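A short worksheet on the structure shown next.
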Amino acid sequence: MSEHPNQMTCEEAFRRLDDFIDRQLIPEEMRLVQEHLAVCAQCTREFNFELSVINGVRDKVSRIAAPSDLLARIASSLTRAGQEGPAGPEGGG
Amino acid sequence: MAALQEADGCVEPAVLPLETTVPPDPRAVSETSRDTAGFETLLSAVVNAAYGYAFRLAHNRSDAEDLVQEAALLAFRGFGSFEPGSNFKGWFFKILTNCYRSKYRRERRRPTVDFDDTPDLYLYARSGEVGFPTDGPDPAAALLDTLGTERVVAALEQLPDEYRIVSTLYFMQDFSYEEIAHTLDCPVGTVRSRLHRGRKILQKALWQAAEEAGVIHARSADL
Numbered sequence: 003m004s005e006h007p008n009q010m011t012c013e014e015a016f017r018r019l020d021d022f023i024d025r026q027l028i029p030e031e032m033r034l035v036q037e038h039l040a041v042c043a044q045c046t047r048e049f050n051f052e053l054s055v056i057n058g059v060r061d062k063v064s065r066i067a068a069p070s071d072l073l074a075r076i077a078s079s080l081t082r083a084g085q086e087g088p089a090g091p092e093g094g095g
Numbered sequence: 002m003a004a005l006q007e008a009d010g011c012v013e014p015a016v017l018p019l020e021t022t023v024p025p026d027p028r029a030v031s032e033t034s035r036d037t038a039g040f041e042t043l044l045s046a047v048v049n050a051a052y053g054y055a056f057r058l059a060h061n062r063s064d065a066e067d068l069v070q071e072a073a074l075l076a077f078r079g080f081g082s083f084e085p086g087s088n089f090k091g092w093f094f095k096i097l098t099n100c101y102r103s104k105y106r107r108e109r110r111r112p113t114v115d116f117d118d119t120p121d122l123y124l125y126a127r128s129g130e131v132g133f134p135t136d137g138p139d140p141a142a143a144l145l146d147t148l149g150t151e152r153v154v155a156a157l158e159q160l161p162d163e164y165r166i167v168s169t170l171y172f173m174q175d176f177s178y179e180e181i182a183h184t185l186d187c188p189v190g191t192v193r194s195r196l197h198r199g200r201k202i203l204q205k206a207l208w209q210a211a212e213e214a215g216v217i218h219a220r221s222a223d224l
């Protein structure tokens, strides 16, 4: 637990857990969280566990390869569409 | 796992009608050819990621292929609005997400996990209770590896759509908050809150999957 007045408390650090892991904090807040973790074994354990879950899930859900002929089939449909003529902007732009 | 079983036994993909709302322009052939090559180059760099994302959204190969093809066609037709040098992947994923939403708008999936009361650090707390590691260089690996890829994927797929889409982009594509916000056309704050909640729901779903698979019981018995 933090006792220094300029350091974050466990609660303050925990509120920033997600943003810290995802590097969404401003540099000053990143530094304060890091300083808290340096002196708080319990928060370090919790932060490491959350990061481990995220990395583990990432590792398991990201292994899908497209069928080898998908791009060729798309190219074929684009060729057909091209022969029909272009259209104006649409979609997600 | 249901989604992969479906994938293995998928039916022939439905043929999507090509949209031909704009009449052919004879002058367009050469211009279109040039655009087609450029478009295909950009698409080829993201097609695997796009298919993986579509597969996680649609749950089977056939629908995933349809989604990517439909999105590719729409993107190609709107290629003029793509700003050269900007993020093609984000732009294409936005179109792909919109295709998914419009196609599956009516298919409201009922969540199988009651997530309203999920506390923070759910997996950490429950793991500690039954003797799974909560410390060390990669503490969650023991639980996740025991669960296996199929159950982890199934847990992610149980999330309600609003959390599942954000979480899929986050976990699978490694998108930043800003990229997710751009892809889904929503504020970064919305991404942040949905991701936070999505993670909590996912942790509960993972634990539920471990219980159903007998992983927890076996671990407790070993203690």
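Heads up: the sequence lines are chains A and B, in that order. Just so you know, we're using the working numbering here: the first sequence kicks off at 3 and counts up by one. Just so you know, we're using the working numbering here: the second sequence kicks off at 2 and counts up by one. Cβ atoms here follow ideal geometry from the backbone N, Cα and C, with glycine treated the same way. None of the values given here were measured: they were computed from a predicted structure.
With 16 other CB atoms within 10 Å as the buried threshold, where does residue i fall?
{"i": "residue 42 of chain B", "result": "exposed"}
{"i": "residue 226 of chain B", "result": "Residue coverage of chain B in this structure runs from 2 to 224, which leaves residue 226 of chain B outside it and unanswerable."}
{"i": "residue 70 of chain A", "result": "exposed"}
{"i": "residue 140 of chain B", "result": "buried"}
{"i": "residue 86 of chain B", "result": "exposed"}
{"i": "residue 70 of chain B", "result": "buried"}
{"i": "residue 28 of chain A", "result": "exposed"}
{"i": "residue 45 of chain B", "result": "exposed"}
{"i": "residue 118 of chain B", "result": "exposed"}
{"i": "residue 62 of chain B", "result": "buried"}
{"i": "residue 229 of chain B", "result": "With chain B covering only 2 through 224, there is no way to say anything about residue 229 of chain B."}
{"i": "residue 41 of chain A", "result": "exposed"}
{"i": "residue 212 of chain B", "result": "exposed"}
{"i": "residue 132 of chain B", "result": "exposed"}
{"i": "residue 210 of chain B", "result": "buried"}
{"i": "residue 67 of chain B", "result": "buried"}
{"i": "residue 30 of chain A", "result": "exposed"}
{"i": "residue 15 of chain A", "result": "buried"}
{"i": "residue 74 of chain A", "result": "exposed"}
{"i": "residue 136 of chain B", "result": "exposed"}
{"i": "residue 58 of chain A", "result": "buried"}
{"i": "residue 80 of chain A", "result": "buried"}
{"i": "residue 67 of chain A", "result": "exposed"}
{"i": "residue 20 of chain A", "result": "buried"}
{"i": "residue 43 of chain A", "result": "exposed"}
Which of helix, strand or coil does DSSP assign to residue i?
{"i": "residue 31 of chain A", "result": "helix"}
{"i": "residue 149 of chain B", "result": "coil"}
{"i": "residue 83 of chain B", "result": "coil"}
{"i": "residue 175 of chain B", "result": "coil"}
{"i": "residue 65 of chain A", "result": "coil"}
{"i": "residue 119 of chain B", "result": "coil"}
{"i": "residue 133 of chain B", "result": "coil"}
{"i": "residue 168 of chain B", "result": "helix"}
{"i": "residue 73 of chain A", "result": "helix"}
{"i": "residue 26 of chain A", "result": "coil"}
{"i": "residue 159 of chain B", "result": "coil"}
{"i": "residue 9 of chain A", "result": "coil"}
{"i": "residue 141 of chain B", "result": "coil"}
{"i": "residue 45 of chain A", "result": "helix"}
{"i": "residue 186 of chain B", "result": "coil"}
What residue range does the alpha helix (DSSP H) around residue i cover?
{"i": "residue 103 of chain B", "result": "89–104"}
{"i": "residue 43 of chain B", "result": "29–59"}
{"i": "residue 204 of chain B", "result": "189–213"}
{"i": "residue 15 of chain A", "result": "12–17"}
{"i": "residue 75 of chain B", "result": "62–78"}
Taking Cβ to Cβ, would you say residue i is nearer than 9 Å to residue j?
{"i": "residue 54 of chain A", "j": "residue 142 of chain B", "result": "yes"}
{"i": "residue 160 of chain B", "j": "residue 199 of chain B", "result": "yes"}
{"i": "residue 54 of chain B", "j": "residue 174 of chain B", "result": "yes"}
{"i": "residue 155 of chain B", "j": "residue 101 of chain B", "result": "no"}
{"i": "residue 167 of chain B", "j": "residue 196 of chain B", "result": "yes"}
{"i": "residue 157 of chain B", "j": "residue 57 of chain B", "result": "yes"}
{"i": "residue 153 of chain B", "j": "residue 62 of chain A", "result": "yes"}
{"i": "residue 193 of chain B", "j": "residue 178 of chain B", "result": "yes"}
{"i": "residue 176 of chain B", "j": "residue 184 of chain B", "result": "yes"}
{"i": "residue 91 of chain B", "j": "residue 163 of chain B", "result": "no"}
{"i": "residue 84 of chain A", "j": "residue 64 of chain B", "result": "no"}
{"i": "residue 73 of chain B", "j": "residue 76 of chain A", "result": "yes"}
{"i": "residue 35 of chain A", "j": "residue 22 of chain A", "result": "yes"}
{"i": "residue 201 of chain B", "j": "residue 121 of chain B", "result": "yes"}
The ligand SAH and residue i: does the residue's C-beta get closer than 8 Å to at least one heavy atom of that ligand?
{"i": "residue 172 of chain B", "result": "As for the ligand SAH, it is missing from this structure, which has no ligand bound."}
Give a yes or no on whether the minimum CB-CB distance between residue i and chain D is below 9 Å.
{"i": "residue 26 of chain A", "result": "Protein chains in the displayed structure are A and B, and chain D is not among them."}
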